[in-house]
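Report on the following structure.
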Amino acid sequence: MAKVKYATLPVSGNKHRSLMVVEAPMTPKIELYHVHSSTTEHDPAYAFKAVKWAILTHIVATSTKPNSLKVNTHRYKTTPQQSNRSDTGVIVMMAVYRIASFIAIEKPKSLLPHSTILQKGSIPSKVADRRAAIIKSSKWGTARSKGRSESSETKASKFLTYSTSSECAFLSS
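Here numbering that gives the first Met the number 0 is used: the first residue of the sequence shown is 0, the next is one more, and so on.
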């Protein structure tokens with residue numbers, strides 16, 4: 000079985016989504032990176048506590064040395080900060096894409112020296128406003144298919160496909 004080096008976990012707050020990147024999740028020395036685009040929406044301390052608890056529970060259940068666990072936490076806010084609440088899930092998906100691409104190409108031993116990859120790439124305000132207008136428009140709003148309305152997941156999938164194909168070239172920058 001291949002050793003897992005990184006894991007990404009979406010974090011859901013009240014009306015905001017963010018991303019937790021777990022480095023070396025199957026080892027006693029774990030780094031947690033919390034990436035979020037709006038620092039005013041939720042405190043990452045609770046997310047860190049929940050992930051630490053889950054990891055500790057796993058280590059205690061599977062290790063002969065559970066007291067050797069060390070978890071370091073790092074908080075990163077993306078720049079620029081998110082200007083509205085409607086793009087939060089899309090921003091998390093873009094962060095996953097950007098971070099996963101960086102890991103696949105660069106194969107870093109750790110993300111710690113590469114903190115800028117965790118911080119850049121938020122959606123610019125003009126793009127965010129345009130996306131909010133698209134979601135509210137009839138094109139993406141209450142579309143009907145065979146007498147039934149599309150599910151939120153279908154709408155989100157179409158929206159993400161549209162967004163990534165037409166406006167996400169800045170991800171690689």
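Even glycine gets a Cβ: it sits at the ideal position worked out from N, Cα and C.
DSSP, reduced to helix, strand and coil, places Thr-56 within a helical segment of the structure shown. Contact between Ser-109 and Glu-30 holds, with the beta-carbon distance rounding to 7 Å and staying under 8 Å. Of the candidates Thr-26, Met-25, Thr-7, Thr-7 places its Cα closest to the Cα of Met-93. Looking at the DSSP output, Thr-7 shares a beta bridge with Val-20. DSSP links Arg-74 through a beta bridge to His-33. With a threshold of 16 other beta carbon atoms within 10 Å, Tyr-45 falls short and is exposed. Boundaries of the alpha helix (DSSP H) around Met-92: 87-105. In this model, Ile-54 and His-33 are separated by some 16 Å (Cα to Cα).
Counting the other Cβ atoms within 10 Å of the Cβ of Leu-111 gives fewer than 16, which makes it exposed. The three-state reading of DSSP puts Lys-2 in coil, since its state is none of H, G, I, E or B. Considering only Ile-98, Val-89, Lys-51, the residue with the shortest C-alpha distance to Thr-72 is Lys-51. DSSP lists Lys-28 as the beta-bridge partner residues of Lys-69.
Closest in alpha carbon position to Val-70, among Gly-88, Phe-47, Val-91, is Phe-47. In this structure, the alpha-carbon of Pro-27 lies about 11 Å from that of Thr-61.
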